[in-house]
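Colleague: Protein chains in written order, with the numbering used here: chain A, 1 to 423; chain B, 424 to 540. Virtual Cβ for every residue (Gly too), placed ideally from N, Cα, C. Starting off with a structure, shown below.
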Amino acid sequence: MFVIDAHLHTCLSPCADLDMHPSALTEAAVRAGLDAVGVCDHNSAENAGAVERAGRTAGLAVIPGMEITSAEEVHILGLMPDMEAALELQSRVYRALPGRNDERAFGMQVVANEQAEVLGFNEHLLAGATTLEVDRVVEAVHSIGGLAVASHVDREGFGIIGQLGMIPAGLPLDALEISRLTALPEARARFAPRDEFPLVCSSDAHEPKDVGKGATWALLERPTIGELNLAFRGQCGRQILGGGRPMEDLALHILDIAQNSIEAGATKIEIELQEEPDADRLVIEIRDNGTGMDQETLSRVRDPFFTTRKTRRVGMGIPLLAEAARAAGGGLEIESEPGKGSRIHATFRYHHIDRAPVGDIETTLMVLLACRPELVIRFMHKVGEETFELDARELRRAGINPATPEGLAAVRQVIRRGEAEIR
Amino acid sequence: MRVLEAAEAVSGTVVACAAAAAARDVRGGYASDLLSDVMGNACEGDLWVTLQKHVNIVAVAQLKGLAGIILVNGRHPEPDAAARAEEEHIPIVSTDLPTFDVVGILHSLGIQGRRSA
Numbered sequence: 001m002f003v004i005d006a007h008l009h010t011c012l013s014p015c016a017d018l019d020m021h022p023s024a025l026t027e028a029a030v031r032a033g034l035d036a037v038g039v040c041d042h043n044s045a046e047n048a049g050a051v052e053r054a055g056r057t058a059g060l061a062v063i064p065g066m067e068i069t070s071a072e073e074v075h076i077l078g079l080m081p082d083m084e085a086a087l088e089l090q091s092r093v094y095r096a097l098p099g100r101n102d103e104r105a106f107g108m109q110v111v112a113n114e115q116a117e118v119l120g121f122n123e124h125l126l127a128g129a130t131t132l133e134v135d136r137v138v139e140a141v142h143s144i145g146g147l148a149v150a151s152h153v154d155r156e157g158f159g160i161i162g163q164l165g166m167i168p169a170g171l172p173l174d175a176l177e178i179s180r181l182t183a184l185p186e187a188r189a190r191f192a193p194r195d196e197f198p199l200v201c202s203s204d205a206h207e208p209k210d211v212g213k214g215a216t217w218a219l220l221e222r223p224t225i226g227e228l229n230l231a232f233r234g235q236c237g238r239q240i241l242g243g244g245r246p247m248e249d250l251a252l253h254i255l256d257i258a259q260n261s262i263e264a265g266a267t268k269i270e271i272e273l274q275e276e277p278d279a280d281r282l283v284i285e286i287r288d289n290g291t292g293m294d295q296e297t298l299s300r301v302r303d304p305f306f307t308t309r310k311t312r313r314v315g316m317g318i319p320l321l322a323e324a325a326r327a328a329g330g331g332l333e334i335e336s337e338p339g340k341g342s343r344i345h346a347t348f349r350y351h352h353i354d355r356a357p358v359g360d361i362e363t364t365l366m367v368l369l370a371c372r373p374e375l376v377i378r379f380m381h382k383v384g385e386e387t388f389e390l391d392a393r394e395l396r397r398a399g400i401n402p403a404t405p406e407g408l409a410a411v412r413q414v415i416r417r418g419e420a421e422i423r
Numbered sequence: 424m425r426v427l428e429a430a431e432a433v434s435g436t437v438v439a440c441a442a443a444a445a446a447r448d449v450r451g452g453y454a455s456d457l458l459s460d461v462m463g464n465a466c467e468g469d470l471w472v473t474l475q476k477h478v479n480i481v482a483v484a485q486l487k488g489l490a491g492i493i494l495v496n497g498r499h500p501e502p503d504a505a506a507r508a509e510e511e512h513i514p515i516v517s518t519d520l521p522t523f524d525v526v527g528i529l530h531s532l533g534i535q536g537r538r539s540a
């Protein structure tokens, strides 16, 4: 399982922050707990190689690519199998990209190495449009073995639907990208109600602080274009499990806490999410039978710099959830005892302006079940008077085994139906 | 005609850089929602009528030395576009009228479309 933010800009993009040099990008990505990133500057891949080298040192997989502007001013991500392919795509784009950059109008286009040294300035008008129509952009990406993803389809400016009014029938896009503006359940209803396209979430970060604020969870063997292609098609057991806005969506806070539980040896997890608009209350409760925590750990666990994790690089689950609850007029309680497990209870004021959106529960459950098919998970989601319950043992009794691709697909349908019914 | 007078003629309000709106002369007009088309074909001193509201419109207006930007259909600039317009002294006007009516009114007041050389 890989967490991927496939759309990041570097200081090469005229609109990006100058601090977004290759090693700053990879550091931010590692901090955000990402496994892989896509480097997609506007109409150029000149910094992707440096990010790839910085990523190798940092243990981060890097997919080189670019965000191409079509003649109709539609942004298309070309995610490429390797640097050679990315540079071949770049030379085709450069041949179709008129104009010279004006730094005063659009900003600097810095070519940098992985030591944060400036190597030079790109002189092409990277903020401009190519003379390639959108179908020719997709064709160019495919002919060099890449994947073509329509950028931020939920945004009007430079989004394919905003610019063209629709996704042209027969355009062989590999996936649609959803920006941070839209939660995944809403995006599914708007852009892929019958699973017409796989959806990926990414940050489109232009500065280090935004790296990883949008991410996609993918079930892959390795973070390569070939594997991602299989996942987009749902073949060979590869699939896109979901996505969203880490550190914001409550569903992803829940995922993070539940992953803590798994790392603490839990075999059973119970998750409750209660939305009570009439009572102006939202409650999250997560109970597990993991190793639990002693008094000392318990007293330090809200400190964001404290983590018991050894395997993953981030251990921010509880402090961030506590902060999100506090910001929304609520709070967080933890009960835990070594050998008995933990209970985390967070409350929010439902209508509080700073209450984070719920996000996509389907992602939370799919990631947990895909990673740990044997996990005894019970989930309850209440919205007003309506309740959706999912019990892993009952799924098994009904002959659904999340360890198989078919079983996982069946689980997804159960979750999607259940979540739709309570909305 | 100044940008401010054009704004009043199309029942619009100046939403960014009022000082420049009062000072700057309109020498012609251009209407397009494709930024590359504006970069290729608009002339210096043109008042640009568009529905695009992202930050790149300010960069294009600055690059081409446009008199200002009129956003149609009740659109407002995105926050970073408005901030950039203040910095770069590019007036932005917002009107509820659609492009067709805005262009019709401006044309009747003697503002002409021109071809860049």
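#1: Assuming Glu46 (chain A) contacts Asn122 (chain A) under a Cβ cut-off of 8 Å, what Cβ separation, rounded to an integer in Å, is found between them?
#2: If we ignore side chains and look at the alpha-carbon of each, how far apart do Gly145 (chain A) and Thr387 (chain A) end up?
#3: Quick one: what does DSSP say Gln535 (chain B) is sitting in, helix, strand or coil?
#4: Between the alpha carbons of Phe197 (chain A) and Glu428 (chain B), how many angstroms are there, rounded?
#5: Roughly how many angstroms lie between the CA atoms of Arg393 (chain A) and Leu34 (chain A), to the nearest whole one?
#6: Do we get a CB-CB distance below 8 Å when we pair Leu489 (chain B) with the residues of chain A?
#7: Below 8 Å between beta carbons: does that hold for Arg412 (chain A) and Glu362 (chain A)?
#8: With a threshold of 8 Å between beta carbons, is Leu486 (chain B) in contact with chain A?
#9: Enumerated in chain order, which unbroken segments of the alpha helix (DSSP H) with a length of 4 residues or greater are wholly contained in the region 55–137 of chain A?
#10: Should Gly157 (chain A) be flagged as near chain B, meaning a C-beta pair shorter than 8 Å?
#11: Taking 8 Å as the threshold (C-beta atoms), are Ile515 (chain B) and Ala432 (chain B) in contact?
#12: Using DSSP's beta-bridge definition, name the partner residues of Lys268 (chain A).
#13: So if I threshold CB-CB distances at 9 Å, which residues from the region 73–107 of chain A count as touching chain B?
#14: Taking the alpha carbon of Cys482 (chain B) as the reference point, which residue from B:Gly452, B:Gly536, B:Ala504 has its own alpha carbon closest?
#15: By a C-beta neighbour count over all protein chains shown, 10 Å radius and 16 as the cutoff for buried, is Val118 (chain A) buried or exposed?
#16: With a cut-off of 8 Å, does the C-beta of Asn464 (chain B) fall near any C-beta of chain A?
#17: Output needed in chain order: residues of the region 164–176 of chain A with a Cβ under 8 Å from some Cβ in chain B.
#18: Please classify Lys382 (chain A): does DSSP put it in a helix, a strand, or coil?
#19: Put Cys15 (chain A) into one of helix, strand or coil per three-state DSSP.
#20: Taking only beta-carbon atoms, is Ala127 (chain A) less than 8 Å away from chain B?
#21: Is DSSP giving Leu529 (chain B) helix, strand or coil here?
#22: So, does the CB of Thr307 (chain A) fall closer than 8 Å to a CB anywhere in chain B?
#23: What do you reckon, are the CB atoms on Ala86 (chain A) and Ala48 (chain A) nearer than 8 Å?
#24: I believe Arg378 (chain A) touches Asp391 (chain A) by the beta-carbon criterion, under 8 Å. Please report the beta-carbon distance rounded to the nearest angstrom.
#25: How many Å lie between Gly527 (chain B) and Gln535 (chain B) at the Cα?
#26: Please classify Arg313 (chain A) as buried or exposed, where buried requires at least 16 other C-beta atoms within 10 Å of its C-beta.
#27: What separation, rounded to the nearest whole angstrom, lies between the Cα atoms of Gly399 (chain A) and Ile415 (chain A)?
#28: Listing by chain order, which chain A residues have their CB less than 7 Å from the CB of Gln475 (chain B)?
#29: Which residues in chain A sit within 9 Å of Asn479 (chain B), going by Cβ to Cβ distance?
#30: Going by beta-carbon coordinates alone, are Leu219 (chain A) and Gln239 (chain A) separated by less than 8 Å?
#31: Could you tell me which chain A residues have their CB closer than 8 Å to the CB of Leu494 (chain B), listed as they occur along the chain?
#32: Does Glu221 (chain A) come out as helix, strand or coil in the three-state DSSP assignment?
#33: Please determine, among A:Pro277, A:Pro373, A:Pro193, the residue with the shortest C-alpha to C-alpha distance to His351 (chain A).
#34: For Gly265 (chain A), which residues in the same chain have their Cβ closer than 6 Å to its Cβ, ignoring the five residues on either side in sequence?
#35: Helix, strand or coil for Ser274 (chain A)? Go by DSSP, reduced to three states.
#36: Are at least three pairs of beta-carbons, each pair with one atom in the region 207–218 of chain A and one in the region 17–37 of chain A, less than 8 Å apart?
Modeller: Checking against the coordinates, here is how it stands:
#1: 6 Å
#2: Our two residues, Gly145 (chain A) and Thr387 (chain A), have alpha carbons roughly 46 Å apart in a direct line.
#3: Here Gln535 (chain B) carries a coil assignment [DSSP, helix/strand/coil].
#4: 49 Å
#5: Distance between the alpha carbons of Arg393 (chain A) and Leu34 (chain A): 31 Å.
#6: no
#7: Glu362 (chain A) is positioned such that its CB atom lies closer than 8 Å to that of Arg412 (chain A).
#8: yes
#9: 83–95, 103–106
#10: Yes, Gly157 (chain A) counts as interfacial toward chain B.
#11: No, Cβ-Cβ distance for Ala432 (chain B) and Ile515 (chain B) is not below 8 Å.
#12: A:Val376
#13: Glu73, Pro98, Gly99, Asp102, Arg104, Ala105, Phe106, Gly107
#14: Looking at the sequence provided, one finds Ala at residue 482 (chain B) rather than Cys. Ranking the options by Cα distance to Ala482 (chain B), first place goes to B:Ala504.
#15: exposed
#16: no
#17: none
#18: strand
#19: coil
#20: yes
#21: helix
#22: With a pLDDT of only 47 at Thr307 (chain A), under the threshold of 50, the placement of this residue in the model should not be trusted, and no figure is reported.
#23: yes
#24: Confirmed, Cβ separation roughly 5 Å.
#25: 10 Å
#26: Note on Arg313 (chain A): pLDDT 38, under 50, position unreliable in the model; no value is reported.
#27: Take the alpha-carbon of Gly399 (chain A) and the one of Ile415 (chain A): they are about 16 Å apart.
#28: Gly157
#29: Per Cβ cutoff of 9 Å: Cys15, Phe106, Ala127, Gly157, Phe158.
#30: yes
#31: Chain A residues near Leu494 (chain B): none, gap ~12 Å exceeds 8 Å.
#32: coil
#33: Of A:Pro277, A:Pro373, A:Pro193, the residue nearest in Cα terms is A:Pro277.
#34: Gly290, Thr291
#35: A small correction: the amino acid at residue 274 (chain A) is Gln; Ser does not occupy that position in the sequence shown. Gln274 (chain A) falls in the strand class under three-state DSSP.
#36: yes
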